[in-house]
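K.L.:
One structure, as structure tokens, below. Some questions next.
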Amino acid sequence: METTLTNSQDRESRRAELLTNGVANAAVTIQHSLSDKTDSRAIMQAIMGQIERVKAGDLSDLEGRLVAHIATLDSLFHEFMDKARTAPSPRMLEMYTRLALKAQSQAIRAAEAISGMKMGPLIVAKQVNMA
Numbered sequence: 114m115e116t117t118l119t120n121s122q123d124r125e126s127r128r129a130e131l132l133t134n135g136v137a138n139a140a141v142t143i144q145h146s147l148s149d150k151t152d153s154r155a156i157m158q159a160i161m162g163q164i165e166r167v168k169a170g171d172l173s174d175l176e177g178r179l180v181a182h183i184a185t186l187d188s189l190f191h192e193f194m195d196k197a198r199t200a201p202s203p204r205m206l207e208m209y210t211r212l213a214l215k216a217q218s219q220a221i222r223a224a225e226a227i228s229g230m231k232m233g234p235l236i237v238a239k240q241v242n243m244a
């Protein structure tokens, strides 16, 4: 039994495909978060270019982005620690300290990601002696 899609169903199917497309969602999110007038299709093309470079083995975009994240997270760490130092209450001190440590933790994870990209994953193996 062959099923024929109506125009409405076909349109809904294309819309569902677009709504679940990670690249399209990223482009729209970037466009909206930056209140930018750049066409979302141009943003999608830029993302697709980055995807193609990664597929070809060129990780320089990712490495650059991770280094930028580390710098931003380090800045946030210091800003939150400074706010913690001058916090008006123990509750605020704890909140700013937690935020600082979360930023620090994310910076460490980004550095580990760069290390993994450069040197490959670290493999920890245990030797089992069978007697």
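Under the numbering used here, think of the first position of the sequence shown as 114, with each following residue one higher. All residues carry an ideal CB built from backbone N, CA and C; glycine is no exception.
1. Apart from the five residues just before and just after H182, which ones in its own chain have a Cβ nearer than 7 Å to its Cβ?
2. In this structure, how does DSSP classify M157 when only helix, strand and coil are distinguished?
3. Going straight from the alpha carbon of E207 to that of V180, what length do you get?
4. State the CB to CB distance for the pair M157 and A140, rounded to an integer number of angstroms; the pair is presumed to be in contact (CB under 8 Å).
5. Only counting the same chain, and skipping five residues up and downstream in sequence, which positions put a Cβ closer than 7 Å to that of A197?
6. Do D187 and A220 count as a contact pair if the criterion is CB distance below 8 Å?
7. Leaving out five residues on either side along the sequence, give the residues of the same chain with a beta carbon under 7 Å from the beta carbon of A200.
P.N.:
So, from the listed chains and residues:
1. Taking the first residue of the sequence shown as position 1, residue 182 is located at position 69. Closer than 7 Å at Cβ, skipping near neighbours: A223.
2. Taking the first residue of the sequence shown as 1, we reach residue 157 at position 44. Three-state DSSP puts M157 in a helix.
3. Position 94 of the sequence shown, counted from the start, is the residue given in the question as residue 207. Position 67 of the sequence shown, counted from the start, is the residue given in the question as residue 180. The alpha-carbon atoms of E207 and V180 are separated by roughly 28 Å.
4. Stepping through the sequence shown from its first residue, residue 157 is reached at position 44. Stepping through the sequence shown from its first residue, residue 140 is reached at position 27. The pair is a contact, with the Cβ atoms about 4 Å apart (cut-off 8 Å).
5. Along the sequence shown, read from residue 1 onward, the residue named residue 197 stands at position 84. If we look at A197 and ignore the five residues flanking it on each side, its Cβ neighbours are L206, Y209, T210 and A213.
6. The count along the sequence shown starts at 1 and reaches residue 220 at position 107. The count along the sequence shown starts at 1 and reaches residue 187 at position 74. Yes, they are a contact pair.
7. Position 87 of the sequence shown, counted from the first residue, corresponds to residue 200. Contacts found: L206 and Y209.
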